[in-house]
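Participant: One structure follows; several queries about it will come next.
Number of protein chains: 2
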Amino acid sequence: MTGPRVALLHVGDELMAGRVVNSGGAVLAQALSGAGFEIVAMEILADRIDEMAAAMRRHAASADVLVVTGGLGPTPDDLTREALAEAAGVPLVTDPGLLEGVVRITRGRAPEANERQAAIPEGGASFANPVGVAAMLRVEIDGVPAYALPGVPTEMNALLHESLIPDLGQWFPDVRGPDQAVVRACGVAEAVLVERLGDLLARDREPDVGVTVADGIITVAVRGTGAADHAERIAGVLGDDVCGVGAYGLPETILALLRERNATVAIAESLTGGLVADRLLSVPGASASVVGGVVAYQQQIKHSLLDVPVEVIGSEGVCSETVARAMARGARERLGADYGVATTGAAGPEPEADGTRPGDGWVAVAGPDGQETAQFLHRVGDRNAIRRLFATASLDLLRRALAQ
Amino acid sequence: MTGPRVALLHVGDELMAGRVVNSGGAVLAQALSGAGFEIVAMEILADRIDEMAAAMRRHAASADVLVVTGGLGPTPDDLTREALAEAAGVPLVTDPGLLEGVVRITRGRAPEANERQAAIPEGGASFANPVGVAAMLRVEIDGVPAYALPGVPTEMNALLHESLIPDLGQWFPDVRGPDQAVVRACGVAEAVLVERLGDLLARDREPDVGVTVADGIITVAVRGTGAADHAERIAGVLGDDVCGVGAYGLPETILALLRERNATVAIAESLTGGLVADRLLSVPGASASVVGGVVAYQQQIKHSLLDVPVEVIGSEGVCSETVARAMARGARERLGADYGVATTGAAGPEPEADGTRPGDGWVAVAGPDGQETAQFLHRVGDRNAIRRLFATASLDLLRRALAQ
């Protein structure tokens with residue numbers, strides 16, 4: 011945990027006002043931590059040249075590297091180039107190679123914007139953007155390398171891996187990533203996990219352990235010498251509740267279990283409406299194991315595409331164990347998969363027509379040879395928090411069925 | 011833009027290392043900006059008592075309010091209570107009412123954790139958490155009110171609206187939210203939009219205008235006196251490309267158009283696999299207009315659930331205009347909706363078996379009376395960026411069909 015110290019500065023009134031979430035900061039921090047750098051600051055800056063330049067100079071006095079994102083677009087509130095130049099005490103100049111590329115990409119449709127996007131601080135370097143217009147810039151502020159990357163996630167991500175990390179490798183040739191390990195758990199409350207892990211979570215020693223919770227999944231991150239062994243001890247204590255290790259989240263774990271068993275899955279979703287399919291299909295290569303799914307939002311779809319008997323819906327209600335099991339079976343059979351996973355219930359904010367409370371619902375899994383499981387859940391939160399928690403619960407039920 | 015100045019501090023090594031995205035910061039900033047406060051800092055802090063306390067004191071010297079999130083959980087790395095007490099120069103004491111509530115919620119399963127979560131800085135106040143264990147705390151640091159909220163989004167959100175904003179209203183009774191207006195556009199490049207809007211985007215005047223892009227949607231946010239009129243002028247210039255105003259994003263706009271026409275929609279997704287359904291169904295009340303959908307990931311599902319003729323898939327390939335149109339028609343007919351919307355193509359990272367490049371695909375819409383449109387797209391980015399851009403494009407095609 012003692013690599014070169016990096017300060018991350020994220021520019022934009024839209025970030026400060028909360029209209030946009032700073033997901034780029036997390037992406038950068040994770041990549042740079044993994045490469046052996048220590049993140050010592052992550053700060054949002056408003057679109058004001060003087061404040062930006064002041065923050066750049068302040069962080070240049072205490073960090074070894076500055077990385078700035080955002081403010082490189084063509085609009086008048088994109089001011090990162092100007093602020094970098096002011097912080098470095100140099101004028102802006104046109105980079106002819108950059109101008110040529112920018113004009114080519116935009117087909118010259120926006121000449122004034124092009125001119126602005128081809129400006130760099132004098133003495134700085136530019137790195138071409140492989141998926142967009144705004145280049146990455148580098149300039150020294152009081153001898154500290156300061157990089158600027160576009161805030162658009164796809165563009166930032168491409169430049170991060172293709173240009174920033176390689177260029178940092180030239181400035182800091184001896185930096186290596188630390189030992190890191192991650193264990194994820196599902197189906198257990200955080201306070202209970204803390205009691206079960208006890209001293210394994212102790213503070214202020216090597217390796218360092220951090221616990222976070224999101225969408226019903228607890229992530230235990232271990233970093234430093236001995237990380238792998240320590241993570242293995244943690245996983246040993248958590249047993250069946252471990253739903254992923256290392257780069258494997260819950261969806262990746264499920265897809266690996268399906269591949270091992272040479273099995274496929276189909277999805278039937280009511281209240282999660284597309285989220286379960288999305289979680290699995292966001293993983294590259296998922297198409298080999300995921301046949302497809304049905305979003306059975308209105309009742310007749312549960313019958314017409316999933317063969318849930320109309321009389322069962324009528325007698326038991328859509329939020330019932332019988333309907334959840336029938337949906338999982340229907341997905342499996344109608345889509346021709348080995349496993350079916352289903353969700354049904356009320357996401358809110360209003361109660362369902364039949365009186366089901368928001369947050370109440372069922373998840374179910376059907377497997378080969380008539381194997382079935384189902385679970386009732388009550389989850390608290392707004393509509394989308396409830397939908398995400400149900401998606402996690404249905405996937406965890408599938409994982410447990412596959413792991414048997 | 012001159013309300014009381016709020017500094018937002020977000021605590022957690024997981025945020026600093028990028029394992030978790032600071033979405034809570036955006037939620038808080040948006041709610042507090044809307045209530046008339048000015049966000050002047052948004053900063054991530056590591057789990058270290060001395061650094062946290064120092065940052066709290068530093069911001070207390072220049073801001074009128076501090077809001078701290080995170081670090082209130084039961085694990086040993088949750089240190090916000092200790093840091094608040096140190097910054098305020100008081101000891102931690104047990105809040106008996108809080109302890110009683112905490113023990114009741116956790117059924118006493120975790121006594122040590124309970125004791126920690128019932129501690130508050132002496133002289134401070136606690137506000138019960140309606141959806142979790144960790145209470146909101148308030149303590150004064152050099153006369154500045156400093157609040158601490160849990161980082162778990164559902165809990166933070168509940169306390170933000172039920173306790174933080176009402177309590178701030180007592181401290182700052184004269185604060186009112188500014189005029190604000192938002193216009194969203196789709197199907198136009200940012201640089202082109204900038205040229206079209208020209209002086210309407212000029213800097214340093216009232217109202218203030220900010221432009222951001224995410225997932226293919228451009229958001230123009232206007233804030234200050236005359237915001238509504240200015241936004242109307244912007245919307246007038248953008249014309250058909252406006253896909254949402256005010257609280258209406260693209261999904262809300264579509265759902266409003268469907269309700270106006272008393273029409274329903276069904277979804278057929280290949281490469282977006284669940285994302286289009288999720289975007290629509292994340293909106294409360296969507297169930298009235300969205301019948302359901304089919305995630306037709308493997309070829310046979312396109313045939314068995316959407317009636318896409320096998321010979322068409324064979325001759326034209328899955329990434330073709332004919333298949334996209336047939337999927338949209340099939341969704342409409344098989345699910346019994348007025349409109350069908352479809353996506354098909356290659357999300358990557360690998361090319362499809364038939365050689366389709368990642369980022370290539372089609373979106374299509376089928377409506378009543380045989381009305382149909384389709385559009386070819388090539389989008390650049392990683393797998394999930396491409397999936398999100400296709401989801402946006404398919405929804406925008408649906409919006410344009412509905413608006414005709």
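Going down the list, the sequences are from chains A and H. Under our numbering, read the first sequence as residues 11 to 414, first letter to last. Under our numbering, read the second sequence as residues 11 to 414, first letter to last. Note that beta-carbon positions come from the ideal geometry of N, C-alpha and C, so glycine has one too. Please read these numbers as outputs of a predicted model, since none were measured by experiment.
1. Please check if any C-beta of chain A sits within less than 7 Å of the C-beta of H:Asn-272.
2. Starting from the Cα of H:Ala-306, find the closest Cα among A:Arg-114, A:Arg-344 and A:Glu-205 and give me that residue.
3. Go ahead and pull the three-state DSSP assignment for H:Asp-225.
4. Could you tell me which chain H residues have their CB closer than 8 Å to the CB of A:Glu-200, listed as they occur along the chain?
5. Considering only their Cβ atoms, is the gap separating H:Gly-327 from H:Asp-379 smaller than 7 Å?
6. Tell me whether H:Thr-402 is buried or exposed, calling it buried when 16 or more other Cβ atoms sit within 10 Å of its Cβ.
7. Rounded to whole angstroms, what's the CA-CA distance from A:Asp-152 to H:Asp-225? Just pull it up for me.
8. Does any residue of chain H bring its CB to less than 7 Å from the CB of A:Tyr-307?
9. Examine chain H for any beta-carbon lying closer than 7 Å to the beta-carbon of A:Gly-350, and answer yes or no.
10. Determine the DSSP secondary structure at A:Leu-316, reduced to helix, strand or coil.
11. Suppose you measure from the CA of H:Ile-115 to the CA of A:Glu-200; what does that come to, to the nearest Å?
12. Any Cβ of chain A within less than 7 Å of the Cβ of H:Ala-36?
13. Got a sec? Which residues, its chain only, sit under 8 Å from A:Glu-48 by beta carbon, not counting five neighbours each side?
14. Of all the options A:Leu-147, A:Glu-331 and A:Met-337, which has the alpha carbon lying nearest to the alpha carbon of A:Ala-384?
15. With a cut-off of 7 Å, does the C-beta of A:Ala-120 fall near any C-beta of chain H?
16. What is the rounded straight-line gap between the Cα of H:Thr-263 and the Cα of H:Asp-239?
17. What would DSSP say about H:Glu-360, mapped onto helix, strand or coil?
18. As a quick exercise: from A:Ser-314, A:His-313, A:Ala-51 and A:Ser-136, pick the residue whose alpha carbon is nearest that of A:Ala-73.
19. Please name the residues in the region 221–253 of chain A whose beta-carbon is closer than 7 Å to at least one beta-carbon of chain H, in chain order.
20. Starting from H:Ala-39, find everything on chain A with Cβ-Cβ shorter than 7 Å and list it in chain order.
21. Measure the C-alpha to C-alpha separation of H:Arg-58 and H:Leu-178 and round it to an integer number of angstroms.
22. Express the C-alpha separation of A:Ala-237 and A:Ser-314 in angstroms, rounding to a whole number.
23. Which same chain residues end up closer than 6 Å to H:Glu-216 when comparing Cβ atoms and leaving out the 5 residues on each side of it in sequence?
24. If you follow the beta strand (DSSP E) that H:Glu-279 is part of, which residue opens it and which one closes it?
25. Hey, A:Thr-90 and A:Val-21: beta-carbon distance below 7 Å or not?
26. Taking just the CA atoms, how far does H:Ala-95 sit from H:Ala-70?
27. What are the boundary residues of the alpha helix (DSSP H) that H:Pro-121 is part of?
28. Compare the C-beta of A:Ser-173 against all C-beta atoms of chain H and say whether one is closer than 7 Å.
29. In chain A, which residues lie less than 7 Å from H:Ser-33 when you measure between Cβ atoms?
30. Tell me whether the beta-carbon of H:Ala-287 lies closer than 7 Å to the beta-carbon of H:Asp-348.
31. Name, please, each residue of chain H whose Cβ falls closer than 7 Å to the Cβ of A:Gly-197.
32. What is the DSSP secondary structure of A:Ser-292, reduced to helix, strand or coil?
33. Could you give the C-beta distance for A:Val-373 and A:Ser-404, rounded to a whole number, given that I count them as a contact under 8 Å?
34. Suppose you measure from the CA of H:Leu-169 to the CA of H:Ala-36; what does that come to, to the nearest Å?
35. Leaving out the 5 sequence neighbours to the left and right, which residues in its chain are closer than 6 Å to H:Leu-412 when beta-carbon positions are compared?
36. Return the first residue and the last residue of the beta strand (DSSP E) that A:Ser-136 is part of.
Facilitator: The structure says:
1. Here residue 272 of chain H refers to the residue found at position 262 when the second sequence is read from its first residue. It does not; no Cβ of chain A falls within 7 Å.
2. As a position in the second sequence, residue 306 of chain H is number 296, starting the count at 1. With distances taken between Cα atoms, H:Ala-306 lies closest to A:Arg-344.
3. Here residue 225 of chain H refers to the residue found at position 215 when the second sequence is read from its first residue. It is coil, neither helix nor strand.
4. For the purposes of this step, residue 200 of chain A is identified with residue 190 of the first sequence, where counting begins at 1. Going along chain H in sequence order, the residues near A:Glu-200 (Cβ under 8 Å) are Gly-83, Pro-84 and Thr-85.
5. As a working note, residue 379 of chain H is residue 369 in the second sequence. As a working note, residue 327 of chain H is residue 317 in the second sequence. In this structure, H:Gly-327 does not lie closer than 7 Å to H:Asp-379 by Cβ.
6. Within the second sequence, numbered from 1, the residue matching residue 402 of chain H stands at position 392. By the neighbour-count rule (16 or more Cβ atoms within 10 Å), H:Thr-402 is buried.
7. Counting from one through the first sequence, the residue named residue 152 of chain A turns up at place 142. Counting from one through the second sequence, the residue named residue 225 of chain H turns up at place 215. Between A:Asp-152 and H:Asp-225, the C-alpha separation is close to 37 Å.
8. Indexing the first sequence from 1 puts residue 307 of chain A at position 297. So yes, A:Tyr-307 belongs to the interface.
9. Walking along the first sequence from the start, residue 350 of chain A turns up at place 340. Cβ-Cβ to chain H under 7 Å: no for A:Gly-350.
10. Here the question's residue 316 of chain A lines up with position 306 in the first sequence. A:Leu-316: coil per DSSP, three-state reduction.
11. Reading the second sequence from its first residue, position 105 is the one you call residue 115 of chain H. Reading the first sequence from its first residue, position 190 is the one you call residue 200 of chain A. In a straight line, the C-alpha of H:Ile-115 is about 13 Å away from that of A:Glu-200.
12. Residue numbering aside, residue 36 of chain H sits at position 26 when the second sequence is read from its first letter. Judged by the 7 Å Cβ criterion, H:Ala-36 is in contact with chain A.
13. Numbered from its first residue, the first sequence carries residue 48 of chain A at position 38. Correct list, in chain order: Met-11, Thr-12, Gly-13, Pro-14, Arg-15 and Val-16.
14. Numbered from 1 along the first sequence, position 374 holds the residue referred to as residue 384 of chain A. Of the candidates A:Leu-147, A:Glu-331 and A:Met-337, the one whose C-alpha sits nearest the C-alpha of A:Ala-384 is A:Glu-331.
15. For the purposes of this step, residue 120 of chain A is taken as the residue at position 110 of the first sequence. Interface residue, yes.
16. The residue you call residue 263 of chain H lines up with position 253 of the second sequence. The residue you call residue 239 of chain H lines up with position 229 of the second sequence. Spanning the two alpha carbons is a distance of roughly 20 Å.
17. The sequence position of residue 360 of chain H within the second sequence is 350, counting from 1. Looking at H:Glu-360 - three-state DSSP - the assignment turns out to be coil, as it is neither helix nor strand.
18. Taking the first residue of the first sequence as position 1, residue 73 of chain A is located at position 63. Nearest of A:Ser-314, A:His-313, A:Ala-51 and A:Ser-136 to A:Ala-73, Cα basis: A:Ala-51.
19. Val-221, Thr-222, Val-223, Ala-224, Thr-229 and Ala-231
20. Sequence index remark: in the second sequence, residue 39 of chain H carries index 29 (1-based). For H:Ala-39, the C-beta contacts it makes with chain A under 7 Å involve Met-26, Ala-27 and Gly-28, in order along the chain.
21. The count along the second sequence starts at 1 and reaches residue 58 of chain H at position 48. The count along the second sequence starts at 1 and reaches residue 178 of chain H at position 168. Taking the straight line joining both Cα atoms gives about 27 Å.
22. Within the first sequence, the letter at position 304 stands for residue 314 of chain A. Within the first sequence, the letter at position 227 stands for residue 237 of chain A. So the two alpha carbons sit approximately 51 Å from each other.
23. What you label residue 216 of chain H is simply residue 206 of the second sequence in a count that begins at 1. Within the same chain, Cβ atoms closer than 6 Å to the Cβ of H:Glu-216 are found at Gly-234 and Thr-235, the five residues on either side in sequence being excluded.
24. Counted from its first residue, the second sequence places residue 279 of chain H at position 269. Here the beta strand (DSSP E) through H:Glu-279 covers 275–279.
25. As a first step, residue 90 of chain A must be located in the first sequence, where it is residue number 80. As a first step, residue 21 of chain A must be located in the first sequence, where it is residue number 11. The Cβ atoms of A:Thr-90 and A:Val-21 sit closer than 7 Å to each other.
26. By 1-based counting over the second sequence, the position of residue 70 of chain H is 60. By 1-based counting over the second sequence, the position of residue 95 of chain H is 85. Going by the C-alpha atoms only, they are around 14 Å apart.
27. The sequence position of residue 121 of chain H within the second sequence is 111, counting from 1. 121–127 is the extent of the alpha helix (DSSP H) around H:Pro-121.
28. Reading the first sequence from its first residue, position 163 is the one you call residue 173 of chain A. So, not an interface residue.
29. Your numbering for residue 33 of chain H matches position 23 in the second sequence. By Cβ distance, chain A contributes Val-31.
30. Translated into the one-based positions of the second sequence, residue 287 of chain H becomes position 277. Translated into the one-based positions of the second sequence, residue 348 of chain H becomes position 338. No.
31. As a first step, residue 197 of chain A must be located in the first sequence, where it is residue number 187. Here the premise fails: no neighbours, minimum Cβ distance about 15 Å.
32. For the purposes of this step, residue 292 of chain A is taken as residue 282 along the first sequence, with counting starting at 1. Judged by DSSP in its simplified three-state form, A:Ser-292 adopts coil rather than helix or strand.
33. Along the first sequence, read from residue 1 onward, the residue named residue 373 of chain A stands at position 363. Along the first sequence, read from residue 1 onward, the residue named residue 404 of chain A stands at position 394. Under the criterion of beta carbons closer than 8 Å, A:Val-373 and A:Ser-404 qualify as touching, at roughly 4 Å.
34. Residue mapping note: residue 169 of chain H aligns to position 159 of the second sequence, counting from 1. Residue mapping note: residue 36 of chain H aligns to position 26 of the second sequence, counting from 1. A straight line joining the alpha-carbon of H:Leu-169 with that of H:Ala-36 spans about 15 Å.
35. Taking the first residue of the second sequence as position 1, residue 412 of chain H is located at position 402. Hits under 6 Å: Leu-267.
36. In the first sequence, the residue the question calls residue 136 of chain A occupies position 126. First-last of the beta strand (DSSP E) with A:Ser-136: 135–137.
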